[in-house]
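Numbering (our numbering), first residue to last: 293 to 395.
Ideal Cβ positions, reconstructed from N, Cα and C, are used throughout, including at glycine.
Just so you know, these numbers come straight off a predicted model, no measurement behind them.
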Amino acid sequence: MQVGLAHYLVVSTLLFCLGLYGVLTRRNAVAILMGVELMLNAANINLVAFNRYLAPAAVGGQVFALVVITLAACEAAVGLALVVAAYRGLETIHVDEINLMKW
Numbered sequence: 293m294q295v296g297l298a299h300y301l302v303v304s305t306l307l308f309c310l311g312l313y314g315v316l317t318r319r320n321a322v323a324i325l326m327g328v329e330l331m332l333n334a335a336n337i338n339l340v341a342f343n344r345y346l347a348p349a350a351v352g353g354q355v356f357a358l359v360v361i362t363l364a365a366c367e368a369a370v371g372l373a374l375v376v377a378a379y380r381g382l383e384t385i386h387v388d389e390i391n392l393m394k395w
């Protein structure tokens, strides 16, 4: 059996749905960040797969994937810093209990 573009798209869709489920259902800020990382990795799979099957000579998909990986690392660093700051100030990382910006 040969692995085709559809297989990558199915895996990417499942990974994105798992990440979306994690973001929408979790109350823990770290779990929400992990869900966002799963969704970004799903996008990376799509970028590399489309590049492989639609334009194998070009490297645009890999370059975009590297940009997304860099952005994901930055997002994780900033997000974890915010979580640590929230934990130090409020002693909780549950997003529904962090309501400093609410009126």
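Whole angstroms is fine: what's the gap from residue i's alpha carbon to residue j's?
| i | j | result |
| --- | --- | --- |
| Ala347 | Thr317 | 37 Å |
| Val376 | Val303 | 33 Å |
| Val359 | Glu389 | 33 Å |
| Leu319 | Val387 | Just to set this straight, residue 319 is Arg in the shown sequence, not Leu. Each residue's Cα considered, the two are about 6 Å apart. |
| Thr384 | Val295 | 45 Å |
| Glu329 | Ala357 | 13 Å |
| Val340 | Met326 | 21 Å |
| Val370 | Asn333 | 18 Å |
| Leu306 | Leu382 | 35 Å |
| Val322 | Gly353 | 29 Å |
| Ile337 | Ile361 | 11 Å |
| Ala364 | Met293 | 33 Å |
Starting from residue i, trace the alpha helix (DSSP H) in both directions and tell me its first and last residue.
| i | result |
| --- | --- |
| Gly314 | Leu297 to Thr317 |
Provide the residue(s) that pair with residue i in DSSP beta bridges, ordered along the chain.
| i | result |
| --- | --- |
| Asn320 | His386 |
Among the candidates the options, whose CA atom is the shortest distance from the CA of residue i?
| i | options | result |
| --- | --- | --- |
| Leu310 | Ile324, Phe356, Asn320 and His299 | Ile324 |
| Leu298 | Phe342, Ala368 and Arg380 | Note that residue 298 is Ala in the sequence shown here, rather than Leu. Looking at the Cα atoms, Phe342 is the closest of the given residues. |
For chain D, is any of its Cβ atoms less than 9 Å away from the one on residue i?
| i | result |
| --- | --- |
| Leu307 | Checking the listed chains, one finds no chain D in this structure; it contains a single protein chain. |
message: What ranges does the alpha helix (DSSP H) occupy inside the stretch 348-382, keeping only unbroken runs of at least 4 residues that lie completely in it?
response: 352-382
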